[in-house]
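Data block below; observations after.
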Amino acid sequence: MRLTIHPPRAGILSGSSPPATVLGWNMQATRHQPFSLASTVFGVSRQSGRLSMRSRIHSQLLGIQNTPSFSAGKKFQLDDLIEAQQFDREILADIFEVAREMEKVEKNSPGSQVLKGYLMATLFYEPSTRTRLSFESAMKRLGGEVLTTENAREFSSAAKGETLEDTIRTVEGYSDIIVMRHFESGAAKRAASTAEVPVINAGDGPGQHPTQALLDVYTIDREIGKLDGIKVALVGDLANGRTVRSLAYLLAKYQDVKIYFVSPDVVKMKDDIKDYLTSKGVEWEESADLMEVASKCDVLYQTRIQRERFGERIDLYEEARGKYIVDHDVLNVMQNHAVVMHPLPRLDEITVDVDADPRAAYFRQAKNGLYIRMALLKLLLVGW
Amino acid sequence: MRLTIHPPRAGILSGSSPPATVLGWNMQATRHQPFSLASTVFGVSRQSGRLSMRSRIHSQLLGIQNTPSFSAGKKFQLDDLIEAQQFDREILADIFEVAREMEKVEKNSPGSQVLKGYLMATLFYEPSTRTRLSFESAMKRLGGEVLTTENAREFSSAAKGETLEDTIRTVEGYSDIIVMRHFESGAAKRAASTAEVPVINAGDGPGQHPTQALLDVYTIDREIGKLDGIKVALVGDLANGRTVRSLAYLLAKYQDVKIYFVSPDVVKMKDDIKDYLTSKGVEWEESADLMEVASKCDVLYQTRIQRERFGERIDLYEEARGKYIVDHDVLNVMQNHAVVMHPLPRLDEITVDVDADPRAAYFRQAKNGLYIRMALLKLLLVGW
Amino acid sequence: MRLTIHPPRAGILSGSSPPATVLGWNMQATRHQPFSLASTVFGVSRQSGRLSMRSRIHSQLLGIQNTPSFSAGKKFQLDDLIEAQQFDREILADIFEVAREMEKVEKNSPGSQVLKGYLMATLFYEPSTRTRLSFESAMKRLGGEVLTTENAREFSSAAKGETLEDTIRTVEGYSDIIVMRHFESGAAKRAASTAEVPVINAGDGPGQHPTQALLDVYTIDREIGKLDGIKVALVGDLANGRTVRSLAYLLAKYQDVKIYFVSPDVVKMKDDIKDYLTSKGVEWEESADLMEVASKCDVLYQTRIQRERFGERIDLYEEARGKYIVDHDVLNVMQNHAVVMHPLPRLDEITVDVDADPRAAYFRQAKNGLYIRMALLKLLLVGW
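Residue numbers (the numbering used here), protein chains in the order written: chain A, 1 to 384; chain B, 385 to 768; chain C, 769 to 1152.
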């Protein structure tokens, strides 16, 4: 969301010009949300622009439409959701609190109409059906509507050479929020700096996938009941997995965290994350003994070994993928309160017989993605 | 829909776990539908699990939202719709009765909001625009919402090797009912035994397409006014047509039915269906004389000769497709009350000049698919 | 929309037959719109069928649902929107007046529910994401719902050889209005003459794209405040651009219009349009001097040189595309009230630094497409 205020032109433009449109959008926002338009700017320093009046009233959440107290609502601290760097402990806690409320939204309850009249555009430059359905379900569960572009790469305009910026300027004219998946790192940030409406990054190539990182941390909190003092084992492909890297990054925001890395040699966690954890005082160790780690951790976060990373070295792939399997033997040494997580899809790195164990948290984790996305859509569109 | 009750875990899971989700879903169902959760199980014996309290009140259908009597609603006998074997005369009559009500649902009438707040996922592993649009229209005509996956085969997860079961577990977290089209026979049954939400089979490869079978029988009932004593001619490709095979199967449930098979030699009706009809006491005969059959039947059900079945034998295809054409000459010998049906799409096996005759029922038949699907969605989601 | 009344058949058909469906649709229309069903027929002479009772009441527009005065609404003069030839000054003014109202439709205002309960099918035989999103946004902004077919060319039925007419007969059974994009000139007209529901042409190959033409003229009116006496420069590919040809055609309906053609030699405006303008008394001239034209015109309508038109003559393409660029130098000579328009997508025929100038009207123009389409959907579905 770009919040530059354009100089208004003479009367004839008042209805159709993009600035006026933005003002229209913000006017509506402002009616409910007494904040200064100019008070937040996207960028490195945006966190410093956080509003001090943070006493938003959560109890209003579900009665939002019918109660006059809605007018006391506050703007969300972020204008867009682009990268994990935007989060600190406080904002994570805030988002999780709303996600918890979202678990209680029922059909035809007032909460289920919080986003009535709002339109979300899903602009996906590469397919990701799981992520797309999760966002679209979230929007519709809150009464909002969706414009779908499942294959924006073939967007006729993009194919003809239109810039991402021009596409965004067109799409924002048709929608109130843009959820974008792109194959290029940094694309979401470019979109956000162009768009007048909020942009959510649903994954940009090797870059970020912040809502996945959020739902992972949220799931740990929901399943274990704490984040400070948590012991997390990251297992599998730690070199290429965007997911585990983001998770390690976010866990560093909490106290007394211990991280175990368990991976085949060819896909070990890279030094940048290790150095980062060390610099933040997070304890970590590498281990080749999955059973021992499993017996100690609160969370065993398994990942898929990605064949496509091995090129023609199928032998290395086969060796790597068979090395650390989570099966009933692993479950047997895990603590009672511990859980197994996985970003999905899984192949055979978790055996199917694990599914029935209550500690298998991965499908609950997927469902948590829905609540996190409901919370974010609500916060970005109508505030607290 | 799988109705196993998972052992609830400790409090922290109560919101996000799949069991709790199911309970949430069923709680809502139960609030309106006083039935035992454990009373129905999918499988061969599911028909025997039918509830005795069948005195649901049809007159409530359209006033369902506003009247307290809604709380007296009853659960539909089926949890999923997978195969024609699930139907008997009684359940067919029940579904048809609701479909008739659906013909009266008008814009902004209370009936048009019966499924407000419900989300249907269309999970299509092969394209079938006609069937997809019919289901999506049905859902939206009743106030429900839709998540569309037009090309689930390229579902990024499936492409990466995820099992159908895992995909279903994810998608059911985002929706209240799954309509699935698959290229593999038996896929719908596998999905239903995994999913906690209802599954409707929208065609699984060479297997079943039960809603097509339903709409065919419904159309005969609507057009001719009876099913017992009906005379139906099945014309065209009887060897490969899933449609005509299912129709023959369902017609066997009625009294005094007579079936004529009229087809080129290379695509004759197979013995299994003939034997089945004989075993059920259904009279049938094969004939090469379309005109004579046309003069006697109540329903002339024409089908397309499918070129793809003939491989390189284009000569055989050309011979077969030209053999039995329904044109004005055929119409001229048909009885006044008789009708021509066709599952569509048609090529030239029915000439275009037939369309204007009131006995051309095929476009009405397509429209009936809408009413049948509205009825099924309503019954599976909110019961009678 | 075909308005032939089929002879109703005996009672059993009253619900499911296409004629009855149409009657159902029209009955609803008629309830609010006291017009004779037989009074309008699509075709060359349709303009002569215009209703004399044109005193529709615009002030009712947004209160349409709640006020009894809605019942005084009038039918829109057109049944379908197929080609620019359907427009005259009066109907253009009427549509623009409704589009202006549409600019004021806000979330959850009564106006935003004008099309609640209505279903639009987008039947796109070739991709055009921009146009599709614009129509779908328009429908949803008015409370309507959408069935999407992004790739109707692979519509399983079409692939199997089904005629366009049969596809239309099926799709109209599922929806209340069809928006069609096709690769064949004349396809929209064929669809309209088959369908009982309104059809909007969203571009048919080299043929027409009437909503683009409408939004262009609307934008000129909104930006400059007049159409009579307007001076418009058409720049770029004038030989192949459907857009500029339609625009020239429509501008001829106004008084004292002056048109400048500025284009590379290889893509000059063709004689048919020049002759047409001359026959209508419209002044036009060709010029090779963009700066001089820019200094005199009210509207500078730039277009993209389409590479695909040049085949292997890349040298000619490169020469043509670099010839007339709109940049800051051009802006500097333009009048203060003048604007730059472009149908988008643009490549580098308008430099990015022009975007910030208030005279850059192309993104407002795209947004106007939304208002025009909202107006048309409203008019075709519920009338004035």
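Note that beta-carbon positions come from the ideal geometry of N, C-alpha and C, so glycine has one too.
The structure presented is a predicted model; accordingly, all values stated were derived computationally and were not measured.
Is DSSP giving B:Arg697 helix, strand or coil here? coil
List the endpoints of the continuous beta strand (DSSP E) containing A:Glu145. 145 to 149
Going by DSSP in three states, C:Phe1029 sits in which element: helix, strand or coil? strand
Is C:Val1030 closer than 8 angstroms to C:Val1003 when the C-beta atoms are compared? yes
Checking contacts by CB at 8 angstroms: is C:Glu930 closer than that to chain B? yes
For B:Asn716, which three-state DSSP category applies? helix
Quick one: is A:Ser185 buried, meaning 16 or more other Cβ sit within 10 Å of its Cβ, or exposed? exposed
Between the Cα of B:Trp592 and the Cα atoms of B:Ala617, B:Lys707, B:Leu634, B:Thr551, which residue gives the shortest distance? In the sequence on display, residue 592 of chain B carries Gln and not Trp. Of B:Ala617, B:Lys707, B:Leu634, B:Thr551, the residue nearest in Cα terms is B:Leu634.
Go through its chain and collect everything with a Cβ distance to C:Ile1118's Cβ below 8 angstroms, but skip five positions before and after it. Gln1070, Ile1093, Val1094, Asp1095, Val1108, His1110, Ala1128, Tyr1130
I think B:Tyr361 touches B:Ser679, with their Cβ atoms under 8 angstroms apart; what is that distance to the nearest whole Å? A question about residue 361 of chain B goes unanswered here, because the residues of chain B that appear run from 385 up to 768.
Suppose the cutoff is 7 angstroms on Cβ atoms and the five residues either side in sequence are ignored; what does the same chain contact list for B:Val628 look like? Leu618, Leu622, Tyr685, Thr687
Leaving out five residues on either side along the sequence, give the residues of the same chain with a beta carbon under 6 angstroms from the beta carbon of A:Ala191. Ile168, Met180, Val199
Secondary structure of C:Met769, DSSP reduced to three states: coil
If we call anything under 8 angstroms between Cβ atoms a contact, is C:Ile992 one with C:Leu1145? no
For A:Glu145 versus A:Arg132, is the C-beta distance shorter than 8 angstroms? no
Look up A:Val282 in the DSSP assignment and give the residues it is bridged to. According to DSSP, A:Val282 bridges with nothing at all.
Give the secondary structure of B:Thr451 by DSSP, where H, G and I count as helix, E and B as strand, and everything else as coil. For B:Thr451, the predicted model reports a pLDDT of 31, less than 50, meaning its position is unreliable and no value from the coordinates is stated.
Name the DSSP bridge partner or partners of A:Asp228? Its beta-bridge partners do not exist; DSSP assigns none.
Compile a chain-ordered list of the residues in the segment 337 to 362 of chain A whose CB is closer than 7 angstroms to at least one CB of chain B. Leu344, Pro345, Arg346, Leu347, Pro358
Pairwise C-alpha distance: A:Lys268 and A:Lys323: 13 angstroms
Of all Cβ atoms in chain A, is any one closer than 8 angstroms to the Cβ of B:Gly495? no
Quick one: is C:Asn1008 buried, meaning 16 or more other Cβ sit within 10 Å of its Cβ, or exposed? buried
So, does the CB of C:Ser1014 fall closer than 8 angstroms to a CB anywhere in chain A? no
In the DSSP assignment, what are the bridge partners of C:Met888? C:Val914, C:Ile945
Since C:Ala970 meets chain B, which of its residues come closer than 9 angstroms, beta carbon to beta carbon? In chain order: nothing, as chain B lies at least about 17 angstroms away.
Which of helix, strand or coil DSSP assigns to C:Gln845: coil
Spatial neighbours of A:Tyr125 in its chain, beta-carbon cut-off 7 angstroms, leaving aside the 5 residues before and after: Ala152, Arg153, Arg181, His182, Phe183
By the criterion of Cβ-Cβ separation under 7 angstroms, what are the contact partners of C:Arg949 in chain B? The contacting residues do not exist; C:Arg949 stays about 15 angstroms from chain B at best.
For A:Thr67 and chain C, any beta-carbon pair shorter than 8 angstroms? Bear in mind that a pLDDT of 32 at A:Thr67, under 50, signals an unreliable position, so the model cannot answer this.
Anything in the segment 111 to 138 of chain A with a Cβ closer than 7 angstroms to a Cβ of chain B? List those residues in chain order, please. Ser112, Pro127, Ser128, Thr129, Arg130, Leu133, Ser134, Glu136, Ser137
Would you give the residue range spanned by the alpha helix (DSSP H) that C:Gly1137 belongs to? 1130 to 1150
Return the first residue and the last residue of the alpha helix (DSSP H) that A:Val171 is part of. 164 to 171
Which first and last residues belong to the alpha helix (DSSP H) in which A:Ile95 is found? 89 to 102
Rounded separation between B:Leu599 and A:Lys107 - CA only: 30 angstroms
Pair within 8 angstroms by beta-carbon distance, A:Thr211 and A:Gln365: no
Same chain, Cβ closer than 6 angstroms to C:Arg1089, neighbours up to 5 away in sequence not counted: Ile1073
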